[in-house]
Amino acid sequence: MPGAGVALAALLGVGAAQAELQDRGNGLIYDTVRNITWLQDANYAATSGYAAANAGADINANGQMSWDAAVAWAEQLEFAGFDGWRLPTVLQPDPTCSMQGGLLISFGSGCTGGEMTHLFNVEGIFLNNPGPFINVDAPAGFWWTGTLVPGTTTFAYWNGFQFGQGNQDALATSIQLLAWAVHDGDIGAAAEPEPARVPLPLWALAALVMVLIAARRVLRARR
Numbered sequence: 697m698p699g700a701g702v703a704l705a706a707l708l709g710v711g712a713a714q715a716e717l718q719d720r721g722n723g724l725i726y727d728t729v730r731n732i733t734w735l736q737d738a739n740y741a742a743t744s745g746y747a748a749a750n751a752g753a754d755i756n757a758n759g760q761m762s763w764d765a766a767v768a769w770a771e772q773l774e775f776a777g778f779d780g781w782r783l784p785t786v787l788q789p790d791p792t793c794s795m796q797g798g799l800l801i802s803f804g805s806g807c808t809g810g811e812m813t814h815l816f817n818v819e820g821i822f823l824n825n826p827g828p829f830i831n832v833d834a835p836a837g838f839w840w841t842g843t844l845v846p847g848t849t850t851f852a853y854w855n856g857f858q859f860g861q862g863n864q865d866a867l868a869t870s871i872q873l874l875a876w877a878v879h880d881g882d883i884g885a886a887a888e889p890e891p892a893r894v895p896l897p898l899w900a901l902a903a904l905v906m907v908l909i910a911a912r913r914v915l916r917a918r919r
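Numbering (my numbering), first residue to last: 697 to 919.
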């Protein structure tokens with residue numbers, strides 16, 4: 697139930713948890729706990745125009761796409777000068793999930809082992825509390841992960857937050873869901889330019905030269 701999800705997020709201490717998310721600027725959000733960088737825009741495939749430009753059987757202009765198309769979008773993405781993007785992963789098995797066993801292994805609600813489930817169930821990101829992110833209220837609110845169900849090539853896990861719930865389940869890879877890219881490490885920090893070195897003004901250089909000359913004369917006088 698959405699209400700239960702919101703209550704859970706509140707109990708977990710939303711304000712404190714979001715301190716784990718640092719806005720690096722340029723559309724990059726760093727998760728200090730998972731050591732990953734998220735796109736600030738949860739539906740960048742749509743807002744960037746990529747989905748509309750590539751709309752077809754596997755991609756909808758609103759950003760929803762098949763799993764294969766979502767993986768391909770993340771892999772081709774270059775953002776803020778960085779490539780190497782991917783879809784978020786899930787942990788399998790994940791003992792924190794409410795449901796265990798069967799083909800899906802770990803699924804249901806309450807999962808915290810996956811990168812995206814961590815956002816909801818630990819860091820408190822949901823529809824009414826998007827934190828530093830935008831477009832978490834994108835159509836449907838279901839995002840693909842990059843993790844296939846073990847033993848299959850046609851079913852993959854999704855995280856169906858609607859950012860009011862925190863569910864994890866699986867669907868056929870042909871189904872169209874949203875895609876949200878993530879990158880390993882704190883790339884936003886690496887992108888920050890070094891402070892510019894301010895050259896000394898001419899008068900300061902002249903004063904420095906005079907000091908050096910005076911010091912040299914003193915040393916000679918002592919010899």
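Don't be surprised by glycine CBs; every beta carbon is placed ideally from N, CA and C.
In this text, all values refer to a predicted model and were calculated from it rather than measured experimentally.
For the pair of segments examined, the stretch 723-735 was found not to touch the stretch 755-762: the number of CB pairs separated by less than 8 angstroms stays below three. Beta-bridge annotation (DSSP): T841 is not paired with any residue.
Judged by DSSP secondary structure, A738 falls outside any beta strand (DSSP E); it is assigned neither H nor E. According to the DSSP secondary-structure assignment, Y726 is paired through a beta bridge with Q718 and T733.
The beta-carbon separation of S794 and G809, rounded to 13 angstroms, does not stay under the 8 angstroms limit for a contact. With fewer than three CB-CB distances shorter than 8 angstroms, the stretch 840-855 does not count as touching the stretch 730-740. Contact check for R782 against E771 passes: the beta carbons are separated by less than 8 angstroms. Spatial neighbours of W769 in its own chain (CB-CB distance under 6 angstroms, excluding positions within 5 residues in sequence) are listed in chain order as A741 and A875. Of the other Cβ atoms in all chains shown, fewer than 16 fall within 10 Å of the Cβ of G721; this residue is therefore exposed. For the stretch 852-879, the continuous beta strand (DSSP E) assignments of 3+ residues that do not extend past its boundaries occur at 863-868, in sequence order. A direct Cα-to-Cα measurement between W763 and S802 gives close to 20 angstroms. In the DSSP assignment, A753 falls outside any alpha helix (DSSP H), carrying neither H nor E. The C-beta distance from G804 to Q760 rounds to 23 angstroms, too long to fall under 8 angstroms, and the pair is not in contact. When DSSP states are grouped into helix, strand and coil, N831 belongs to the coil group. Take the alpha-carbon of L823 and the one of L898: they are about 57 angstroms apart. Counting C-beta atoms within 10 angstroms of its own C-beta, A868 has fewer than 16 neighbours from the protein chains shown and is therefore classed as exposed. Closest in alpha carbon position to A747, among G884, Q872 and G837, is Q872. With contacts defined by Cβ atoms closer than 8 angstroms, A852 and V845 form a contacting pair. Inclusion of P828 and D719 in the CB contact set at 8 angstroms is warranted, their separation being smaller than that value.
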